[in-house]
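**Q** Chains as they are written, first to last, in numbering that gives the first Met the number 0: chain A, 0 to 197; chain B, 0 to 197.
Note that beta-carbon positions come from the ideal geometry of N, C-alpha and C, so glycine has one too.
2 protein chains.
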Amino acid sequence: MTTVQSQTDKRTRLIDTAMRLAHAHGFRETSLSDIAETAEVPIGNVYYYFKTKGELGEAVVERRLAEFQGFKEEMGHLSSAKERLFAFVDSIERRKDQLARGGCQWVGLCSELRLNGGALAAKSAALLNAPLAWLEEQFQAAGHGRDARGLAVHLFSAFQGTAAVAHGTGDPELVVMEVRRLKEWIAALMKTENVTTS
Amino acid sequence: MTTVQSQTDKRTRLIDTAMRLAHAHGFRETSLSDIAETAEVPIGNVYYYFKTKGELGEAVVERRLAEFQGFKEEMGHLSSAKERLFAFVDSIERRKDQLARGGCQWVGLCSELRLNGGALAAKSAALLNAPLAWLEEQFQAAGHGRDARGLAVHLFSAFQGTAAVAHGTGDPELVVMEVRRLKEWIAALMKTENVTTS
DNA sequence: GTCTATACCGAGATAGAC
DNA sequence: GTCTATCTCGGTATAGAC
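1. From the DSSP output, in three-state form, read off B/V40 for me.
2. Whose Cβ in chain A lies nearer than 9 Å to the Cβ of B/R63?
3. Between A/T16 and A/T29, what straight-line distance do the alpha-carbon atoms span, to the nearest angstrom?
4. Are the C-beta atoms of B/G75 and some chain A residue less than 8 Å apart?
5. Does the beta carbon of A/F155 come closer than 8 Å to any beta carbon on chain B?
6. Taking A/G102 as part of the alpha helix (DSSP H), name the residues at either end of that continuous run.
7. Looking at the secondary structure, which residues open and close the alpha helix (DSSP H) in which A/A141 lies?
8. Among B/V60, B/A132, B/G169, whose alpha-carbon lies nearest the alpha-carbon of B/H153?
9. Under 8 Å, do B/E135 and B/A147 count as touching if we go by C-beta distance?
10. Sorted by chain position, which residues of the same chain lie with C-beta nearer than 8 Å to B/V59's C-beta, five sequence neighbours on each side aside?
11. Three-state secondary structure (DSSP) at B/P130?
12. Can you round the beta-carbon distance between A/S90 and A/F70 to whole angstroms, since I take them to be within the 8 Å contact cut?
13. Give the interface partners of B/E28 over in chain A, defined as CB-CB distance under 9 Å, in chain order.
14. Pull up the CB-CB distance for A/A141 and A/L98, whole angstroms please, since I reckon it's below 8 Å.
15. Mapping DSSP to helix, strand and coil, what is A/T2?
16. Which residues of chain A have a Cβ atom closer than 7 Å to the Cβ of B/G149, listed in chain order?
17. Under a three-way DSSP split, which group does A/D146 fall into?
18. Alpha carbon to alpha carbon, how far is A/C103 from B/Q61? Give it in angstroms, no decimals.
19. If you run the structure through DSSP and keep just helix, strand and coil, what is A/K50?
20. So that I know if they touch, is there some Cβ in chain A lying closer than 8 Å to that of B/A163?
21. Flag B/V59 as yes if its beta-carbon sits less than 8 Å from any beta-carbon of chain A, otherwise no.
22. Do B/T161 and B/L173 have their CB atoms nearer than 8 Å?
23. Are there 16 or more other CB atoms within 10 angstroms of the CB of B/E72, so buried, or fewer, so exposed?
24. Taking only three categories from DSSP, how would you classify B/S197?
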């Protein structure tokens, strides 16, 4: 049992560390040695858990996707789509420092791995599409079925752009400014045609 | 004279190629061999023009900055800030395919080189700040001095986000959708307090 | 000024001892 | 299952012939 646990511990530690370092410096920029050293796992031992670096990358993508799944479930407790949209925006503000330091942890990874081609590229596209699809559902549920896709793209773009600019300037306060604007936008939109719950 | 010209030609070709490949695959991902081969300059010869890869990177940044300077000058022909803001947005739409393929050529480079530290990082920050400052001036000139900075950040963020999402999905039509939205936003804003020319 | 050959290093990956 | 030693390759950079 101890053995099994220490196995999963190491594996988990490797993924965690890879996730953190990849967010800070980019995945390709991060060497396996860096990851192993930071995770306190002997360098060569990494290959016991992951056959290639790409496989570790997949694990990181899956972890990020799971992260978003977790977010969705939290949102499930809220009763209206409007509340969920506000909660989404709030979650952006809560991560302002993280965003200013390394950009968006989902789309940053996605656009980086996109070039790799193969299974990784395909899988990483979900990092973009999952949040987009979820936002689209919310707008639909909020009675904006007509251009739910457009609204979702707009909100998500605004989020991405804010992350990019905050990262570029290193200023987390820009996130706060933009979040306020986004909230006003959602509020105005919801007044237009306020329909239903869930 | 022929000799001198072929020198500058090679140097120029190297920068051009580096710029193109860096936009497509990222600067660090692009090897000097790739650049030299594509530019049809012998590999080792690169070091006659640039002592290090970083120096070539600087040249690329400078070229991108010059590109934006050129844009500013074109905009100078327009008589009102409002027109210039619309022209900015139009220029985004014109580059939709480029954006869908490789993201924003300014900020993409900036955020990539940011990690490098040193002179390159400092210089590349201008890729973000120059457009931001210019947008701020336009909003000021258009009579929105109060929150010109906020408006500039908003517009530029929207641009960046659109580029990121279009790149992630590979769909240039998202740019068109967002551009329409941005134009409406500017138009509404200008009605609010329409003041002056230049 | 131009180009070739090569040194050098760090990264990913493997073999195999324990 | 765990870890060390090592191979290989590709990239930056240099020395030096022409």
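**A** The structure says:
1. coil
2. Chain A residues near B/R63: none, gap ~14 Å exceeds 9 Å.
3. 10 Å
4. no
5. yes
6. First-last for A/G102: undefined, no H or E at that position.
7. Per DSSP, A/A141 belongs to no alpha helix (DSSP H) and is neither H nor E.
8. B/A132
9. yes
10. I14, A17, M18, A21, F26, L108
11. helix
12. 7 Å
13. R27, L114
14. The pair is not a contact, with the Cβ atoms about 25 Å apart (cut-off 8 Å).
15. Low per-residue confidence applies at A/T2: pLDDT is 47, beneath 50, and the placement is therefore not dependable enough to give any value.
16. M176
17. coil
18. In the sequence on display, residue 61 of chain B carries Glu and not Gln. Taking the straight line from one Cα to the other gives about 27 Å.
19. coil
20. yes
21. no
22. yes
23. exposed
24. Confidence at B/S197 is low in this model, with a pLDDT of 47, below 50, so its placement is unreliable and the value that follows should be read with caution. Residue state, collapsed to three classes: coil.
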